[in-house]
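These notes are about the structure you will find just below.
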Ligand SMILES: [Mn+2]
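Numbering (full-length UniProt numbering), first residue to last: 1 to 275.
Written out as structure tokens, the structure is:
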């Protein structure tokens, strides 16, 4: 048995519980009774569990439970903060209060696929869990971030700083600060545009570390202009610096589980080559 621990990444779920269960079963990360069977595997979610689909809270409940079960056997289930977790938190916290920019937080959330059932089923446990999710993470050589957007550079110079600043913002009720982050979080496609996109990706990696960016947020089929049910693998672009793992589940995609190439894999390759 290999000593290398596998690291898996799953993109935006948007309330598609049945699709998530199938992905986890097929990857042997859960068993038939939906209990964690991934052992010491690490599994990262890219955020956006809620909105646009039917079962956002059930998806979150599943992920929170698997997180506990994995931790008990030396595994790890983690997630980034997606803009839809923040939209839901904002709708819950501020309600119809004005954003300061001519709208209100409930309207904004609904315009982005907010599901009444989700907000009605929220408990303090969900609220606390969402509000502590990191905005970014460095896993092996991969820099994980939810959105292909420039916002992260604005909130700090290191991963720790960005995560601390975003958590701090979520702890306070400064509506305008929430509105500004939600606006920034709604942007996309920053690594896409030729030389400019490539420079942006390089800038991120230089600033925060890592050899590759892994993001969700923008369904692959919308970037590639193809049908969502044709997407079964991540899309690697910008000179292989960027990996998009958003399978567009809410648009009809089945999604996929992406295994990060590990540092040990790279070492093994080098060792094999030198033989
Ligand atoms: Mn998103």
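Glycine residues also receive a C-beta, built at the ideal position from the N, C-alpha and C atoms.
Q) Regarding residue 217 and ligand 1, is the C-beta to nearest heavy atom distance less than 7 Å? A) yes
**Q.** As assigned by DSSP and simplified to three states, the class of residue 42
**A.** strand
**Q.** Inter-residue CB distance, residue 165 and residue 152 (contact presumed, cutoff 8 Å)
**A.** With 8 Å as the limit, residue 165 and residue 152 do not qualify as a contact, their Cβ atoms being about 10 Å apart.
Q: Consider the C-beta atom of residue 147 and the heavy atoms of ligand 1; say whether any pair is separated by less than 7 Å.
A: yes
**Q.** Cβ-heavy atom distance, residue 82 to ligand 1, below 7 Å
**A.** yes
Q) In whole angstroms, what separates the C-alpha of residue 219 from that of residue 60? A) 20 Å
Q.
Based on DSSP bridge pairs, tell me the residues matched to residue 98.
A. 104
Q. Looking only at C-alpha atoms, which of 195, 189, 94 and 107 sits nearest to residue 246?
A. 189
Q.
So residue 175 and residue 100 are supposed to be a Cβ contact under 8 Å. How far apart are they, rounded?
A. 6 Å
Q) Do you know how far the Cα of residue 34 is from the Cα of residue 21? A) 8 Å
Q. Who are the Cβ neighbours of residue 179 in its own chain at under 7 Å, not counting the five residues just before and after it?
A. 99, 100 and 101
Q: Kindly indicate which three-state DSSP category residue 253 falls into: helix, strand or coil?
A: coil
Q. Just to confirm, are residue 260 and residue 241 a CB contact at a threshold of 8 Å?
A. no
Q. Are there 16 or more other CB atoms within 10 angstroms of the CB of residue 262, so buried, or fewer, so exposed?
A. buried
Q | Spatial neighbours of residue 104 in its chain, beta-carbon cut-off 7 Å, leaving aside the 5 residues before and after | A | 96, 97 and 98
**Q.** Rounded straight-line distance, which links the Cα of residue 77 to that of residue 67
**A.** 5 Å
Q) Is any heavy atom in ligand 1 found nearer than 7 Å to the beta carbon of residue 118? A) no
Q. Near residue 208, what residues of its chain come up, given a Cβ to Cβ distance below 6 Å and the 5 sequence neighbours on each side ignored?
A. 143 and 159
Q) What residue does the alpha helix (DSSP H) around residue 81 start on, and which one ends it? A) That residue, residue 81, is in no alpha helix (DSSP H); it is neither H nor E in DSSP.
Q.
Below 7 Å, is the gap between the Cβ of residue 240 and the nearest heavy atom of ligand 1?
A. no
Q | residue 88 versus residue 64 - alpha carbon distance | A | 17 Å
Q | 8 Å Cβ cutoff met for residue 194 and residue 19 | A | no
Q.
If you follow the alpha helix (DSSP H) that residue 126 is in, where does it begin and where does it stop?
A. 124–131
**Q.** residue 79 and residue 47 closer than 8 Å at C-beta
**A.** yes
Q | C-alpha distance - residue 50 paired with residue 211, whole-angstrom precision | A | 29 Å
Q: Note down, in chain order, each residue of its chain lying with its Cβ closer than 8 Å to the Cβ of residue 122, except the 5 sequence neighbours on either side.
A: 57, 88 and 92
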